[in-house]
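At the far end of the sequence shown sits residue 102, using our numbering, and the numbering has no gaps. As C-alpha coordinates, the structure follows; a few thoughts come after it.
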Amino acid sequence: MGNPNGASAFFMAARRESQKLYRLRQDFTANISHELRTIVMVIRGSLEAVFGGMVTDPEQIGSYHRQYAWRKHVPAMA
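The following block contains the structure:
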(Lines of atoms letter the chains of each structure in order from A; the text may use other names.)
(Lines give C-alpha, C1' and ligand atoms only; values in the text may rest on other atoms or scores of the structure.)
Protein backbone atom coordinates (compact mmCIF):
# COMPACT_ATOMS: atom_id res chain seq x y z
CA MET A 25 0.00 0.00 0.00
CA GLY A 26 3.00 2.31 0.09
CA ASN A 27 5.02 3.99 2.73
CA PRO A 28 2.83 6.14 5.01
CA ASN A 29 5.84 8.20 6.09
CA GLY A 30 6.70 8.89 2.46
CA ALA A 31 3.16 10.09 1.75
CA SER A 32 3.25 12.32 4.82
CA ALA A 33 6.56 13.86 3.75
CA PHE A 34 5.20 14.39 0.25
CA PHE A 35 2.11 16.22 1.53
CA MET A 36 4.16 18.31 3.96
CA ALA A 37 6.48 19.37 1.13
CA ALA A 38 3.49 20.12 -1.09
CA ARG A 39 1.96 22.25 1.66
CA ARG A 40 5.20 24.20 2.16
CA GLU A 41 5.43 24.82 -1.57
CA SER A 42 1.80 25.93 -1.68
CA GLN A 43 2.40 28.37 1.20
CA LYS A 44 5.52 29.72 -0.51
CA LEU A 45 3.62 30.32 -3.75
CA TYR A 46 0.79 31.99 -1.84
CA ARG A 47 3.26 34.43 -0.21
CA LEU A 48 4.90 35.14 -3.57
CA ARG A 49 1.51 35.87 -5.12
CA GLN A 50 0.60 38.20 -2.24
CA ASP A 51 3.93 40.06 -2.54
CA PHE A 52 3.56 40.37 -6.30
CA THR A 53 0.03 41.75 -6.00
CA ALA A 54 1.09 44.23 -3.31
CA ASN A 55 4.04 45.44 -5.39
CA ILE A 56 1.96 45.93 -8.54
CA SER A 57 -0.74 47.73 -6.56
CA HIS A 58 1.86 50.06 -5.05
CA GLU A 59 3.39 50.86 -8.44
CA LEU A 60 0.00 51.67 -9.96
CA ARG A 61 -1.02 53.87 -7.03
CA THR A 62 2.27 55.76 -7.35
CA ILE A 63 1.57 56.59 -11.00
CA VAL A 64 -1.98 57.68 -10.23
CA MET A 65 -0.79 59.92 -7.38
CA VAL A 66 1.80 61.60 -9.64
CA ILE A 67 -0.88 62.34 -12.20
CA ARG A 68 -3.24 63.60 -9.50
CA GLY A 69 -0.53 65.91 -8.11
CA SER A 70 0.19 67.27 -11.58
CA LEU A 71 -3.47 68.02 -12.15
CA GLU A 72 -3.81 69.73 -8.81
CA ALA A 73 -0.83 71.92 -9.72
CA VAL A 74 -2.46 72.94 -13.01
CA PHE A 75 -5.94 73.53 -11.64
CA GLY A 76 -4.54 75.25 -8.57
CA GLY A 77 -2.75 77.80 -10.75
CA MET A 78 0.74 76.75 -9.66
CA VAL A 79 1.74 75.79 -13.22
CA THR A 80 1.48 78.45 -15.91
CA ASP A 81 3.78 77.16 -18.68
CA PRO A 82 1.50 76.20 -21.62
CA GLU A 83 3.71 73.27 -22.63
CA GLN A 84 3.65 71.84 -19.12
CA ILE A 85 -0.11 72.37 -18.90
CA GLY A 86 -0.51 70.50 -22.21
CA SER A 87 1.51 67.61 -20.79
CA TYR A 88 -0.70 67.47 -17.72
CA HIS A 89 -3.84 67.55 -19.87
CA ARG A 90 -2.55 64.56 -21.84
CA GLN A 91 -1.97 62.74 -18.55
CA TYR A 92 -5.52 63.58 -17.51
CA ALA A 93 -6.91 62.21 -20.77
CA TRP A 94 -4.95 58.98 -20.17
CA ARG A 95 -6.26 58.54 -16.64
CA LYS A 96 -9.79 58.04 -17.98
CA HIS A 97 -8.63 54.57 -19.04
CA VAL A 98 -7.44 53.64 -15.56
CA PRO A 99 -9.89 52.66 -12.84
CA ALA A 100 -9.94 54.82 -9.70
CA MET A 101 -7.33 53.29 -7.43
CA ALA A 102 -6.19 56.10 -5.21
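By construction, the Cβ of each residue, glycine as well, lies at the ideal position given by its N, Cα and C atoms.
Using three-state DSSP, classify residue i as helix, strand or coil.
{"i": "Asp51", "result": "helix"}
{"i": "Gly77", "result": "coil"}
Rounded to whole angstroms, what's the CA-CA distance from residue i to residue j? Just pull it up for me.
{"i": "Val74", "j": "Tyr88", "result": "7 Å"}
{"i": "Gln50", "j": "Thr62", "result": "18 Å"}
{"i": "Met78", "j": "Asn55", "result": "32 Å"}
{"i": "Tyr46", "j": "Glu83", "result": "46 Å"}
{"i": "Phe34", "j": "Gln43", "result": "14 Å"}
{"i": "Gly121", "j": "Ser57", "result": "With the chain covering 25 to 102 only, the question about residue 121 has no answer from this structure."}
{"i": "Arg90", "j": "Ile67", "result": "10 Å"}
{"i": "Thr103", "j": "Glu41", "result": "Beyond the ends of the chain as shown, which are 25 and 102, falls residue 103; an answer cannot be given."}
If contacts are defined as beta-carbon pairs under 8 Å, then residue i and residue j qualify, I think. What distance do you get, rounded to the angstrom?
{"i": "Leu60", "j": "Tyr92", "result": "In fact, because the Cβ distance is near 17 Å, the residues do not count as touching under 8 Å."}
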